[in-house]
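Numbering (this note's numbering), first residue to last: 209 to 371.
Backbone N, C-alpha and C fix where the C-beta goes; we use that ideal spot for every residue, glycine too.
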């Protein structure tokens, strides 16, 4: 029968236990730093798609949410925040309109329904609507950013674990 002896196994087990405790923290950091790359890629693709008519407010509104955890793992979403309330016929915030003789005219026909949400503009850019054609950019952005995101997440893991 062969005998063998390991030295340092207790230290190795302690390091693995500490790594297990820190795994969620490392994953949160990795997802957060990877999402910053996705934000930059989305901004550049949106600028390309809206070069002829855009003002830049949609691209500037792209941000990612704080990473969260659910049953499937840790995730975040890059999306457009806010609304464009400085331009266009929808800029007026009045919800009711009255004619000169005091009759109710209705808010949608006279003043619009309020500011346009940037999330809606993002949706219209990707899928189009009855007045504008679709200008898809999501799949291209994801495919372009994926290798850089994975590399960044690996760098974060290596930095945190100190390999």
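State the start and end residues of the unbroken beta strand (DSSP E) segment that holds residue i.
| i | result |
| --- | --- |
| residue 277 | 276–278 |
| residue 283 | 281–283 |
| residue 288 | 286–288 |
With respect to the alpha helix (DSSP H) encompassing residue i, which residues constitute its N-terminal and C-terminal limits?
| i | result |
| --- | --- |
| residue 265 | 265–268 |
| residue 327 | 326–335 |
For a cutoff of 8 Å on Cβ pairs, would you count residue i as touching chain C?
| i | result |
| --- | --- |
| residue 239 | The structure shown contains no chain C, having only a single protein chain. |
Where residue i and residue j are concerned, what is the direct C-alpha to C-alpha distance, given to the nearest angstrom?
| i | j | result |
| --- | --- | --- |
| residue 332 | residue 342 | 7 Å |
| residue 252 | residue 369 | 32 Å |
| residue 260 | residue 222 | 59 Å |
| residue 256 | residue 355 | 21 Å |
| residue 235 | residue 358 | 12 Å |
| residue 351 | residue 225 | 35 Å |
| residue 239 | residue 324 | 30 Å |
| residue 245 | residue 262 | 22 Å |
| residue 219 | residue 367 | 20 Å |
| residue 361 | residue 353 | 12 Å |
| residue 344 | residue 363 | 31 Å |
| residue 227 | residue 269 | 36 Å |
Going by other Cβ atoms of all chains shown within 10 Å of its Cβ, with 16 needed for buried, is residue i buried or exposed?
| i | result |
| --- | --- |
| residue 276 | exposed |
| residue 278 | exposed |
| residue 250 | buried |
| residue 336 | exposed |
| residue 273 | exposed |
| residue 280 | exposed |
| residue 348 | exposed |
| residue 242 | buried |
| residue 285 | exposed |
| residue 230 | exposed |
| residue 330 | buried |
In three-state DSSP terms, what is residue i?
| i | result |
| --- | --- |
| residue 367 | helix |
| residue 356 | helix |
| residue 291 | strand |
Since I believe residue j is in contact with residue i (beta carbons under 8 Å), could you give me their beta-carbon distance rounded to a whole number of angstroms?
| i | j | result |
| --- | --- | --- |
| residue 266 | residue 282 | Not really, about 27 Å apart at Cβ, beyond 8 Å. |
| residue 340 | residue 288 | No, residue 340 and residue 288 are not in contact; Cβ-Cβ is about 17 Å, not under 8 Å. |
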